[in-house]
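Trainee:
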Amino acid sequence: MRSRKQILHFDDINHSHEAMGFSGRTDLPDFHIYTLEETYPSTRKVMPPYTLRFYCLLLLEENSQDAVIELNTRRMEGPSNTISFQAPGHVSAWVRGEAQQGFLLYFQPEFLSRHVISPMEEFPFFRPTESSMLPLTGTEKIALRDHFLRLERTFKNSLHPYRVPMLQAMLLALLFDCKGLYEDYCARQPSSSRSPSLSTQFLRLLEQHYLTRRTVQAYADLLHVTPNHLSHAISNEMGRNAYDLIVDRLLLEAKKLLSYTDLSVGEVANYLGFEEPTHFTRLFKRKLALTPLEYRHQATRERA
Numbered sequence: 172m173r174s175r176k177q178i179l180h181f182d183d184i185n186h187s188h189e190a191m192g193f194s195g196r197t198d199l200p201d202f203h204i205y206t207l208e209e210t211y212p213s214t215r216k217v218m219p220p221y222t223l224r225f226y227c228l229l230l231l232e233e234n235s236q237d238a239v240i241e242l243n244t245r246r247m248e249g250p251s252n253t254i255s256f257q258a259p260g261h262v263s264a265w266v267r268g269e270a271q272q273g274f275l276l277y278f279q280p281e282f283l284s285r286h287v288i289s290p291m292e293e294f295p296f297f298r299p300t301e302s303s304m305l306p307l308t309g310t311e312k313i314a315l316r317d318h319f320l321r322l323e324r325t326f327k328n329s330l331h332p333y334r335v336p337m338l339q340a341m342l343l344a345l346l347f348d349c350k351g352l353y354e355d356y357c358a359r360q361p362s363s364s365r366s367p368s369l370s371t372q373f374l375r376l377l378e379q380h381y382l383t384r385r386t387v388q389a390y391a392d393l394l395h396v397t398p399n400h401l402s403h404a405i406s407n408e409m410g411r412n413a414y415d416l417i418v419d420r421l422l423l424e425a426k427k428l429l430s431y432t433d434l435s436v437g438e439v440a441n442y443l444g445f446e447e448p449t450h451f452t453r454l455f456k457r458k459l460a461l462t463p464l465e466y467r468h469q470a471t472r473e474r475a
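In this note's numbering, each number is its position in the sequence shown, counted from 1, plus 171.
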């Protein structure tokens, strides 16, 4: 019997290294940082779709043109001078180039728990609904590289008595620096705006409940506001319709399942909570001008 295509999942940082063929290991269960140059020659050439329980930051300084990165439904070929952000639940896949330079940083959610910060809520680039690949100017890349270098040096100094709290503080500094760069990047985009608290709360709830709550009324109830107030606030703050954001989050999950698994359209519809596959197909086609099967075939051709 043919085995089903599944999205790989890793709970443990060292386990993910083993699966990717990387010989390096971390002595801290919740944190690791290393250079891309260290991954040669052991790391596998092609990594199929996978998700992580933890967070990942990838700083690419230089990249060879044969490299490919896929993050959720976005694909970049030969990327350089970028930083990308992978959060728990994001689907990633890649083809390794032969001349990559940069840094990889992993941290478990618990690593920052003492600081009472939710990375998904505080840092928008970790949300699946936001852009998770950020282009960098030369000056921005140098500034971020300095952050990564300090983190790497501290990580390797395993005998320092304050190694872990120093890593936590430096990681927070890096993330907040990235947040500033991200907000500057979004401000330069034609339709973007900064997201005040109501939008932040809405997006956090959407990420928690998109499989079970499909109406603006449902989220308004959770936020203790009227649907009209929520819709108006989201439109003003984000330039997007609240219902469209709900549907888009659901369809993002559908696109990941159609692209990276061999689940049938009916099985995808059932997982997403549709009573009938035809309801899912109609919504998918209305929003994307493609049926789910047409989208799957298109995604397969693009990945070939």
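Ideal Cβ positions, reconstructed from N, Cα and C, are used throughout, including at glycine.
#1: Ile-417: which of Lys-216, Gln-388 and Thr-397 sits nearest, CA to CA?
#2: On the criterion of 16 or more Cβ atoms from any shown chain inside 10 Å, does Glu-311 qualify as buried, or is it exposed?
#3: Just to confirm the assignment: which complete beta strand (DSSP E) runs, minimum length 3, are found wholly within the segment 391-440?
#4: Can you check which of these residues, Gly-437, Asp-415 and Phe-278, is closest to Tyr-226 by C-alpha distance?
#5: Checking 8 Å against the spacing of the C-beta atoms, do Thr-222 and Ile-254 come in under that value?
#6: Thinking C-alpha only, which one of Thr-308, Ile-240 and Ala-425 is nearest Ala-264?
#7: If we count the other Cβ atoms within 10 Å of its Cβ and call it buried at 16 or more, is Tyr-333 buried or exposed?
#8: Determine the contact status of Ser-302 and Phe-296, defining contact as a CB-CB distance below 8 Å.
#9: If we count Cβ pairs, one from each stretch, closer than 8 Å, do we get three or more for the segment 271-291 versus the segment 196-205?
#10: Whole alpha helix (DSSP H) runs in the segment 246-321 with 4 or more residues, listed along the chain?
#11: Leaving out the 5 sequence neighbours to the left and right, which residues in its chain are closer than 7 Å to Glu-209 when beta-carbon positions are compared?
#12: For Tyr-205, name the three-state secondary structure that DSSP assigns.
#13: Can you grab the Cα-Cα spacing for the pair Arg-375 / Ser-284, in whole Å?
Mentor: Walking through what the data contain:
#1: Position 246 of the sequence shown, counted from the start, is the residue given in the question as residue 417. If we check each option's Cα against that of Ile-417, Gln-388 comes out closest.
#2: For the purposes of this step, residue 311 is taken as residue 140 along the sequence shown, with counting starting at 1. Taking every protein chain shown into account, the CB of Glu-311 has 16 or more other CB atoms within 10 angstroms, so this residue is buried.
#3: Runs found: none.
#4: Locating residue 226 in the sequence shown gives position 55, counting from the first residue. Nearest to Tyr-226 by alpha-carbon distance, out of Gly-437, Asp-415 and Phe-278, is Phe-278.
#5: Walking along the sequence shown from the start, residue 222 turns up at place 51. Walking along the sequence shown from the start, residue 254 turns up at place 83. Taking 8 Å as the Cβ cut-off, Thr-222 and Ile-254 do not qualify as a contacting pair.
#6: Here residue 264 refers to the residue found at position 93 when the sequence shown is read from its first residue. It is Ile-240.
#7: Translated into the one-based positions of the sequence shown, residue 333 becomes position 162. Exposed.
#8: Residue numbering aside, residue 302 sits at position 131 when the sequence shown is read from its first letter. Residue numbering aside, residue 296 sits at position 125 when the sequence shown is read from its first letter. Yes, the pair counts as a contact, with Cβ atoms nearer than the cut-off.
#9: These segments touch.
#10: DSSP runs (the alpha helix (DSSP H)) wholly in the segment 246-321: 290-293.
#11: Walking along the sequence shown from the start, residue 209 turns up at place 38. For Glu-209, same chain residues with a beta-carbon under 7 Å away, outside a window of 5 residues either side, are Gly-195 in chain order.
#12: As a working note, residue 205 is residue 34 in the sequence shown. Annotated three-state conformation of Tyr-205 is strand, per DSSP.
#13: The sequence position of residue 375 within the sequence shown is 204, counting from 1. The sequence position of residue 284 within the sequence shown is 113, counting from 1. Their backbone Cα atoms lie some 18 Å apart in a straight line.
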